[in-house]
Amino acid sequence: MYSRIMKHYHLIITLSVLLSACSNGGISKESSRPPAGNPDGVILVQEFSDLQCPACRVAHANVSTPLLQQYGNVIRFEWKHFPLQSHRYAMDAAKASECAADQGKFWVYIDKIFEHQSELSPDSLIAWAGELKLDMELFERCSKSNAKKGIALSDYKEGRDMGVGGTPTFFVDGKQVPTNQLGVIIEQRIEQLKQRL
5 MYSRIMKHYH
15 LIITLSVLLS
25 ACSNGGISKE
35 SSRPPAGNPD
45 GVILVQEFSD
55 LQCPACRVAH
65 ANVSTPLLQQ
75 YGNVIRFEWK
85 HFPLQSHRYA
95 MDAAKASECA
105 ADQGKFWVYI
115 DKIFEHQSEL
125 SPDSLIAWAG
135 ELKLDMELFE
145 RCSKSNAKKG
155 IALSDYKEGR
165 DMGVGGTPTF
175 FVDGKQVPTN
185 QLGVIIEQRI
195 EQLKQRL
């Protein structure tokens with residue numbers, strides 16, 4: 005009797021998972037976006053950013069990338085979407101980057117967007133995915149759906165709850181930090197952690 009109930013239970017669970025996947029065309033509503041740097045890093049750096057924001061493009065090239073080159077072994081760097089309504093394609097870009105993440109290409113895809121930000125459009129988002137050799141059928145189906153919109157909206161809400169008012173905004177271990185002081189704050193955190201050992 006117990007084994008029969010368990011078989012029915014497993015069948016119901018399996019069907020629920022399959023129906024959930026089918027309702028989104030097989031596209032997950034969860035993020036596959038990995039952290040940059042060290043996934044087990046002792047210092048957490050979070051960046052709330054908008055892929056159409058010119059200041060975010062500058063910060064990506066002059067702050068985030070050098071920061072990861074210098075401290076990548078000790079920091080866990082998390083990207084958070086903060087698409088501003090004033091940027092027409094920011095939400096499209098956020099959704100597309102999450103679709104690229106599903107194929108293991110989140111970071112190279114946002115690099116591509118920032119490198120060619122002035123050309124940002126729905127067509128360019130698809131073209132860049134092709135240049136990165138993504139599965140285009142899957143990418144286009146994902147990016148044209150709203151399956152990933154909830155991820156960007158969730159990040160946005162998290163940012164608002166943390167006091168983010170614009171982009172880019174950085175946090176180190178949960179505390180908002182001015183962009184020009186990131187390196188100094190991280191050095192201080194490293195020294196504090198060394199003293200505890």
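Take the position in the sequence shown, starting the count at 1, then add 4; the result is the number in this note's numbering. Don't be surprised by glycine CBs; every beta carbon is placed ideally from N, CA and C. Given the structure is predicted, the values throughout are model-derived calculations rather than measurements.
- By the C-beta density criterion, V188 is exposed, having fewer than 16 other C-beta atoms within 10 angstroms.
- Taking 8 Å as the cut-off, the Cβ atoms of A97 and L138 do not count as close.
- No Cβ-Cβ contact shorter than 8 Å links S35 with F86.
- Beta bridge pairing from DSSP links L142 with no other residue.
- When secondary structure is reduced to three states using DSSP, T171 falls in the coil class, being assigned neither helix nor strand.
- In chain order, I47, L48 and R193 place their CB closer than 7 Å to the CB of D177, counting only its own chain and leaving out the 5 sequence neighbours on each side.
- Under the DSSP assignment, L197 falls in the alpha helix (DSSP H) whose first and last residues are L186 to R200.
- DSSP places F118 in the helix class (H, G or I) of the three-state scheme.
- Residue pairing by DSSP puts I79 in a beta bridge opposite I47.
- A straight-line Cα-Cα distance of about 7 Å links A100 and L129.
- Under the DSSP definition of a beta bridge, Q180 partners with F175.
- The beta-carbon separation of C60 and T171, rounded to 5 Å, stays under the 8 Å limit for a contact.
- A59: member of the alpha helix (DSSP H) spanning P58 to A63, first to last residue.
- Each residue's CA atom was taken as its position, placing L55 and I114 some 7 Å apart.
- Using a Cβ-Cβ distance cut-off of 8 Å, the stretch 147–166 and the stretch 73–93 are in contact, since at least three pairs of beta carbons, one from each stretch, lie closer than that value.
- By the criterion of a C-beta distance shorter than 6 Å, F175 is surrounded in its chain by Q50, once the five residues flanking it on both sides are discounted.
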